[in-house]
Amino acid sequence: MMFGGLSTKLLNICIASFCKVRLLEKAEAIIIDGIRLGVIPDVVTYNTLVSAYSRYVSLDSAYSVIHRMKEAGISPNVITYNSLIAGATRDCLLSQSLDLFEEMLQAGIHPDVWSYNILMNCFFKFGKPDEANRIFQDILLSNLASHPATFNIMINGLCTNEYIDNALMLFRNLQRHGFVPQLVTYNILINRLCKARRWRQARTILRELGESDLEPNAITYTTVMKCCFRSKQYDKGLDIMSEMKSKGYAFDSFAYCTVVAALVKTGRIEEANACMEQTMSNGIELDLAAYNTLLNMYCRQGKFEAAYKLLDEIEKGGLLCDKYTHTIIIDGLCKAGNISGAQHHLHHMKMMGFHENLVALNCMIDGLCKAGDIDRAMELYKSMETKDSVTCTSLVHNLCRAGRFRCASKLMMKCLKDGKKILRATKRAVLRGLRSSGYTDEAKKLQWKIQMARILR
DNA sequence: TTAGGGTTAG
-17 MMFGGLSTKL LNICIASFCK VRLLEKAEAI IIDGIRLGVI PDVVTYNTLV SAYSRYVSLD
43 SAYSVIHRMK EAGISPNVIT YNSLIAGATR DCLLSQSLDL FEEMLQAGIH PDVWSYNILM
103 NCFFKFGKPD EANRIFQDIL LSNLASHPAT FNIMINGLCT NEYIDNALML FRNLQRHGFV
163 PQLVTYNILI NRLCKARRWR QARTILRELG ESDLEPNAIT YTTVMKCCFR SKQYDKGLDI
223 MSEMKSKGYA FDSFAYCTVV AALVKTGRIE EANACMEQTM SNGIELDLAA YNTLLNMYCR
283 QGKFEAAYKL LDEIEKGGLL CDKYTHTIII DGLCKAGNIS GAQHHLHHMK MMGFHENLVA
343 LNCMIDGLCK AGDIDRAMEL YKSMETKDSV TCTSLVHNLC RAGRFRCASK LMMKCLKDGK
403 KILRATKRAV LRGLRSSGYT DEAKKLQWKI QMARILR
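Under the numbering used here, think of the first position of the first sequence as -17, with each following residue one higher.
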């Protein structure tokens, strides 16, 4: 329908532009203006809104758009359902995602390849790789034309479910059958291989990307930069940052966070401050992860007044603090020696409905030890339901620092038996401590047990 | 309409 030069197609373009930058109220206002001018919204208009509401607001708000859509006499189609299922998956609602899929079938709407892609992603997200694989096989056997995204989701899902070798095998098989990887395929593999510390294979994929016709993008650079920081090659990471800037890639919130976090971690606070200032002066809007990075910077400088002010700012801005936010505060307080403050915040975190947080408890263990209260750290350790290698290494190393080498030795053996990994430096500290305090035989026995644990692993 | 990068502990 056309009226005064405005058509439904044009209306939809406007709506899509506003939705893309999350200006949903403006999008709604344009619909009202359009109706006044006689432009009737169609299924595309409503689908754009459903997608935006489920992505940026909530699934409930998306349902209310569907209600309005039905009132206007427009029936939801496969795209409407795809948006809803994707939204339910993002909100970690597995059964709701599956119910929606079923509802779509019941309504006689045929799923398309995107529906199956979303469902596959959903199963991977909920740690059900077998179900995801079944969907993948169905897509391959069906008449549906598979899309490169199908393979990307499969490769990414296999990696996140700890099937990296299978993901690599699939990648190579697909290439043999003529699949031309997209940039996102390379980015997925580089990221996942780096996270699994399989540096050599990550470098191979990066080299293959370099040899392809594709140009790396800002995501590739951020991913590789993060890999360098993860493997403690800080200067190399900063070189990549310079290269990224010189090539004219826009430095976004992701890139700034990666750099600032690495600078803070290595104690280069002045540089971190400068980088953060640059972020703000470039007009980059801070999201929760960026705020958390800034909060960590304040805590590491002992600027708790600024940190608490920032917490207020975050919440006043309508963002909800997450487990990272609270853990950063707890860690910062522990590092500053304010154990009672950290305990108070841990309690506050539980009151807010957060589950027991292993990282926060590990911070407490280390903080208690550094404050000279190893016995309380031991008590906390015993009370913890789950412990990991960090818990063990931290406590063993601190026992050594306090000269309690026999206790450290006993605890370390128990941890190794439980399959925990202990840092080499910590093992050496225990052995050296036992020898220097005259427990030579015990040191010999421990060394033998360490070797046995290594063989049996 | 799908997939990929950033924030916490030893």
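Cβ atoms here follow ideal geometry from the backbone N, Cα and C, with glycine treated the same way.
Applying the criterion that 16 or more other CB atoms from any shown protein chain within 10 Å of the CB defines a buried residue, is residue i buried or exposed?
i      : result
D423   : exposed
S224   : exposed
H49    : exposed
I222   : buried
L41    : buried
A256   : exposed
A149   : buried
G16    : buried
G(-14) : Note that G(-14) has pLDDT 49, beneath the 50 cutoff, so the model's placement of it is unreliable and the number below is only indicative. So G(-14) ends up on the exposed side.
W96    : buried
I155   : It should be pointed out that residue 155 corresponds to Asn in this sequence rather than to Ile. With fewer than 16 Cβ atoms within 10 Å of its Cβ, N155 is classed as exposed.
G335   : exposed
T71    : buried
G249   : exposed
N125   : exposed
G20    : exposed
Y63    : buried
S79    : buried
R174   : buried
I251   : exposed
H92    : exposed
G219   : buried
K364   : exposed
D112   : exposed
V3     : exposed
Y273   : buried
A178   : exposed
With residue i as the anchor, note down where its alpha helix (DSSP H) starts and where it stops.
i    : result
S418 : 406 to 418
Y238 : 235 to 247
F161 : Unbroken run through F161: none, as it is neither H nor E.
T368 : Taken as a continuous stretch (DSSP letters only), T368 belongs to no alpha helix (DSSP H), as it is neither H nor E.
Q183 : 181 to 193
E252 : 251 to 263
V3   : Segment: none, V3 is in no alpha helix (DSSP H) and carries neither H nor E.
E84  : 76 to 88
F105 : 95 to 107
K285 : K285 -> no alpha helix (DSSP H), and no H or E assigned at all.
V21  : Where V21 is concerned, there is no enclosing alpha helix (DSSP H), given that its DSSP letter is neither H nor E.
D348 : 340 to 352
R212 : 200 to 212
M136 : 130 to 142
P395 : Going by the sequence as given, residue 395 is Met instead of Pro. Segment 387 to 399, the alpha helix (DSSP H) holding M395.
A54  : Neither: A54 is in no alpha helix (DSSP H) and is coded neither H nor E.
L326 : One detail in the question is off: residue 326 reads as His in this sequence, not Leu. First-last of the alpha helix (DSSP H) with H326: 321 to 333.
Q215 : Neither: Q215 is in no alpha helix (DSSP H) and is coded neither H nor E.
Is it true that the CB of residue j sits closer than 8 Å to the CB of residue i?
i    : j    : result
S128 : I121 : yes
F106 : G139 : yes
S36  : G69  : yes
M279 : V241 : no
A390 : G349 : no
N99  : I135 : yes
L270 : L315 : no
T408 : T375 : yes
G401 : A353 : no
V11  : C1   : The sequence as given places Ala at residue 11; Val does not occur at that position. No, Cβ-Cβ distance for A11 and C1 is not below 8 Å.
Y168 : I187 : yes
N29  : I61  : yes
L76  : F118 : no
T441 : C239 : With the chain covering only -17 through 439, there is no way to say anything about residue 441.
I432 : L377 : no
C345 : T309 : yes
V32  : S65  : yes
R417 : A411 : no
A200 : A232 : yes
L362 : I347 : yes
A237 : F211 : no
M331 : A342 : yes
K403 : S371 : yes
T307 : L276 : no
Does the contact criterion of 3 or more C-beta pairs under 8 Å hold for the region 354 to 368 versus the region 380 to 390? Contact check between the region 354 to 368 and the region 380 to 390: three or more CB pairs, one atom from each, fall below 8 Å, which counts as touching.
Would you call the region 160 to 180 in contact with the region 195 to 205, where contact means no fewer than 3 C-beta pairs closer than 8 Å? yes
Tell me whether the region 289 to 304 and the region 258 to 265 touch, counting them as touching only if at least three CB pairs, one residue from each stretch, are closer than 8 Å. Not touching, per the Cβ criterion.
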